[in-house]
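Participant: In the working numbering, the protein residues as written are 3 to 228. This is the structure, below, for whatever I ask next.
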Amino acid sequence: MPIDLIIFDCDGVLVDSEIISCRMHAKVLTGIGYPITADQVFDRFLGRSSAESNREVEAELGRKLPDDFDARLKRAVIDELALSVESVPHVAAALDDIRQNICVASSGIHEKIRTCLTRAKLYDRFTPHIFSASQVKRGKPEPDLFLFAAAQMKTLPNRCIVVEDSIPGITGATAAGMTVLGFRGGAHYLEKPARAPTPEALQDAGAVRVFDDMRQLPAIIEEISK
Ligand SMILES: [Mg+2]
Numbered sequence: 003m004p005i006d007l008i009i010f011d012c013d014g015v016l017v018d019s020e021i022i023s024c025r026m027h028a029k030v031l032t033g034i035g036y037p038i039t040a041d042q043v044f045d046r047f048l049g050r051s052s053a054e055s056n057r058e059v060e061a062e063l064g065r066k067l068p069d070d071f072d073a074r075l076k077r078a079v080i081d082e083l084a085l086s087v088e089s090v091p092h093v094a095a096a097l098d099d100i101r102q103n104i105c106v107a108s109s110g111i112h113e114k115i116r117t118c119l120t121r122a123k124l125y126d127r128f129t130p131h132i133f134s135a136s137q138v139k140r141g142k143p144e145p146d147l148f149l150f151a152a153a154q155m156k157t158l159p160n161r162c163i164v165v166e167d168s169i170p171g172i173t174g175a176t177a178a179g180m181t182v183l184g185f186r187g188g189a190h191y192l193e194k195p196a197r198a199p200t201p202e203a204l205q206d207a208g209a210v211r212v213f214d215d216m217r218q219l220p221a222i223i224e225e226i227s228k
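Now the structure itself:
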């Protein structure tokens, strides 16, 4: 199958943002009177929408979160990412060896994606081909964001490979009719192995291959696109 486009998830694939986001989410929640650890946020809220997470917290608190809660959380996360997020190891070298077009499809808002990619020195490689769930009606695990990205890149879905680290992402990309690779090399997989999805879980969601080192990516793409 000829492959023309590689679509990258951002968080956990290009940058190690997950652990930082969970730490700041825990800090802001604790600050408003809902004590919680970063590990608990990781288990309960990672990959879920903020509306869903907030509803669950409000139900337990028995009161509404402050009106500016989402804005406060967003600010805290983005400010911390701007200071400390790192590229996933060997991403830049892998991109050097990929001959297909590349783009980003992320659940995050554009400001967060830009902040992460800029600090990781990857922004110039992807801009302007950066797509956010904010541009479609339904985010992951629905296929909309992936189909939107492929259409913007003028590429048919069956000519796309998607690199994803999360079950909702793999589910959405599979539903879009794309070939999906499951990546388990982000810091949240390495530092929290018991909490992260298993290779089998990624395969069950639709990943045709699971890998854990970005240095493997160019060869996997070559093999699939033969
Ligand atoms: Mg991800």
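Every residue, glycine too, gets a C-beta built ideally from N, C-alpha and C.
Using the beta-carbon count (16 or more within 10 Å), is residue 81 buried or exposed?
Facilitator: Locating residue 81 in the sequence shown gives position 79, where the first residue counts as 1. Looking at its Cβ environment, which holds fewer than 16 other Cβ atoms inside 10 Å, residue 81 is exposed.
Participant: Leaving out five residues before and five after residue 13 in sequence, what residues of the same chain have Cβ atoms less than 7 Å from its Cβ?
Facilitator: If you number the sequence shown from 1, residue 13 lands on position 11. Cβ within range, chain order: 19, 20, 108, 110.
Participant: Quickly, what does DSSP pair residue 183 with across the bridge? List them, please.
Facilitator: Residue mapping note: residue 183 aligns to position 181 of the sequence shown, counting from 1. DSSP, once it has assigned bridges, lists 165, 211 as partnering residue 183.
Participant: Per DSSP, what are the beta-bridge partners of residue 9 in this structure?
Facilitator: For the purposes of this step, residue 9 is identified with residue 7 of the sequence shown, where counting begins at 1. Paired residues: 105, 164.
Participant: Under 7 Å: does the beta carbon of residue 168 sit that close to some heavy atom of ligand 1?
Facilitator: Numbered from 1 along the sequence shown, position 166 holds the residue referred to as residue 168. Indeed, a heavy atom of ligand 1 lies less than 7 Å from the Cβ.
Participant: Entirely within the region 46 to 124 and at least 4 residues each: give me those alpha helix (DSSP H) ranges in chain order.
Facilitator: 52 to 63, 71 to 86, 93 to 98, 112 to 121
Participant: Under three-state DSSP, which class holds residue 34?
Facilitator: For this step, residue 34 is matched to residue 32 along the sequence shown. In this structure, residue 34 counts as coil in the three-state DSSP scheme.
Participant: Let me know the secondary structure DSSP gives residue 43 once reduced to three states.
Facilitator: Sequence index remark: in the sequence shown, residue 43 carries index 41 (1-based). Of the three classes helix, strand and coil, the one that applies to residue 43 here is helix, per DSSP.
Participant: Do residue 11 and ligand 1 come close, with the Cβ less than 7 Å from some heavy atom?
Facilitator: Here residue 11 refers to the residue found at position 9 of the sequence shown. Relative to ligand 1, residue 11 has its C-beta within less than 7 Å of a heavy atom.
Participant: With hydrogens ignored, establish whether the beta-carbon of residue 171 is closer than 7 Å to any heavy atom of ligand 1.
Facilitator: Start at 1 with the first residue of the sequence shown, and residue 171 comes out as number 169. True, at least one ligand heavy atom lies under 7 Å from that Cβ.
Participant: Starting from residue 132, follow its DSSP beta bridges and name the residues at the other end.
Facilitator: The count along the sequence shown starts at 1 and reaches residue 132 at position 130. Answer is 106.
Participant: When every heavy atom of ligand 1 is checked, does at least one fall within less than 7 Å of the C-beta of residue 174?
Facilitator: On the sequence shown, residue 174 is found 172 positions in, with the first residue counted as 1. Answer for residue 174: no, Cβ out of range of ligand 1.
Participant: Regarding residue 15 and ligand 1, is the C-beta to nearest heavy atom distance less than 7 Å?
Facilitator: Counted from its first residue, the sequence shown places residue 15 at position 13. Residue 15 Cβ: within cutoff of ligand 1.
Participant: With 16 as the cutoff for other CB atoms within 10 Å, does residue 114 come out buried or exposed?
Facilitator: By one-based count along the sequence shown, residue 114 stands at place 112. Buried, because 16 or more other Cβ atoms sit within 10 Å of the Cβ of residue 114.
Participant: Using a Cβ cut-off of 8 Å (strictly closer), state whether residue 87 contacts chain B.
Facilitator: Given the protein chain composition of this structure (a single chain), no chain B is represented.
Participant: Take residue 206 as the anchor and find which of 50, 120, 195, 182 has the nearest alpha-carbon.
Facilitator: Translated into positions along the sequence shown, residue 206 becomes position 204. Considering only alpha carbons, the answer is 182.
Participant: Could you name the residues that DSSP lists as bridge partners for residue 17?
Facilitator: For the purposes of this step, residue 17 is taken as the residue at position 15 of the sequence shown. Looking at the DSSP assignment, residue 17 forms a beta bridge with 13, 89.
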